[in-house]
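Under numbering that gives the first Met the number 0, the residues of the sequence shown are numbered 0 to 208, in order. For each residue, glycine too, the CB sits at the ideal point set by N, CA and C.
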Amino acid sequence: MNEMNQGARAARRNQHWMKIHEAAVLLVLEKGLAATTVDSIAAEAEVSRRSFFNYFPTKEDAVLGTRAPWLPEADWEEFVSSKLEVLPRTAKLLAAVLNTSTQAGEGFRRRREMVRAFPELRRRTHVHVQAAEQLVADALIERLKPHQAALLAHELPHDPGAQHALVLLAGTITRYAFTEDPEEFANDWQSAVVRASAMFSSLLDPPVR
């Protein structure tokens, strides 16, 4: 019974989230970003201003359909146990974290269209990217248990500066995978990230001729 109640609450929350998002997109397309306010979005969605901020921290997030990123435990465990080399492994982890801030599939497409129509929204997407990179960087430093660190000792750099560089490079790979083929990224981001990682690895470590 408790699981059923939790499922019903989650479904209602997703419904309210989508209603606010749809209202924000409708108003911005009709009036423009500057003329659209949190109050007007809340009124269109038939929710209170307080309820709006329970779902979105800014009107830009409501328009983009984005939320603060977080690190899923399943993706962290996959990172630790993965057989991939450390660069594609980190890029996949970062992409997974980034995906928590937005809807996959159609959500990617709509967000791309809104950013294209209103370039000023790009600043808000950068905030989420930086937050995701920080989450991954912190995890590499703080969350690896001794036995996990031992497993990755031959791959993961110990120097914090090098770990930061690894995360930044993973971010570059993820952005390349998205910009190279946004449709493929929306449909199968894991494969897109792995392929992009292979390209970057070949550039960073070219074969000897």
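For A130 and M198, the rounded distance between their alpha carbons = 25 Å
key: Where the alpha helix (DSSP H) through P159 begins and ends   = 159 to 179
key: Per DSSP, cross-strand counterpart(s) of T101   = T65
task = Report the rounded CA-to-CA distance for L97 versus T35, giving the unit in angstroms.
result = 26 Å
key: Residues near A169 by beta carbon distance below 6 Å, same chain, minus five either side   = T89, A90, L93
task = Could you please give the first and the last residue of the uninterrupted alpha helix (DSSP H) stretch that includes D187?
result = Element bounds for D187: n/a, residue is neither H nor E.
query = Which residues mark the beginning and the end of the alpha helix (DSSP H) in which R48 is found?
reply = 48 to 54
ask   = What is the rounded straight-line gap between the Cα of E76 and the Cα of S196?
value = 20 Å
message = Taking the alpha carbon of W51 as the reference point, which residue from L70, E182, A73, H20 has its own alpha carbon closest?
response = Going by the sequence as given, residue 51 is Phe instead of Trp. Looking at the Cα atoms, H20 is the closest of the given residues.
ask   = Quick one: what does DSSP say K82 is sitting in, helix, strand or coil?
value = coil
key: CA nearest to the CA of A22, picked from D60, G160, A7   = D60
Residues near F184 by beta carbon distance below 6 Å, same chain, minus five either side = A176, F177, A191
query = Do you know how far the Cα of A41 is from the Cα of T173?
reply = 34 Å
ask   = Within this structure, are the beta carbons of H127 and P68 separated by less than 8 Å?
value = yes
message = So, with DSSP's three-state summary, where would you put A41?
response = helix
ask   = Are L63 and L120 close, meaning C-beta to C-beta below 8 Å?
value = yes
key: Nearest neighbour of S81, chosen from V193, S201, L202, A33 [CA to CA]   = V193
ask   = Quick one: what does DSSP say L202 is sitting in, helix, strand or coil?
value = helix
key: CA-to-CA distance, R142 to L26, given in whole angstroms   = 42 Å
message = Here's the rule I'm using: 16 or more other beta-carbon atoms within 10 Å means buried, otherwise exposed. How should P159 be labelled?
response = exposed
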